[in-house]
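Worksheet: one structure, shown below.
Numbering (this note's numbering), first residue to last: 126 to 162.
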């Protein structure tokens, strides 16, 4: 069975959240709402 990989947007979001250790700051950087992160 083939495994689906996350898209680049999901990976960018995860990377930003990990780097900032803060969903609000990651959301600001990516132009999203904190809930979307």
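By construction, the Cβ of each residue, glycine as well, lies at the ideal position given by its N, Cα and C atoms. Being a predicted model, the structure only gives us computed values, none of them experimental.
Per DSSP, the unbroken alpha helix (DSSP H) holding residue 150 starts and ends at 148-155. Exposed is the label assigned to residue 143, since fewer than 16 other Cβ atoms lie within 10 Å of its Cβ.
Leaving aside the five residues that flank residue 154 on each side, the residues in its chain whose CB is nearer than 6 angstroms to its CB run, in chain order, 141. The alpha-carbon of residue 158 is positioned some 10 angstroms away from that of residue 150.
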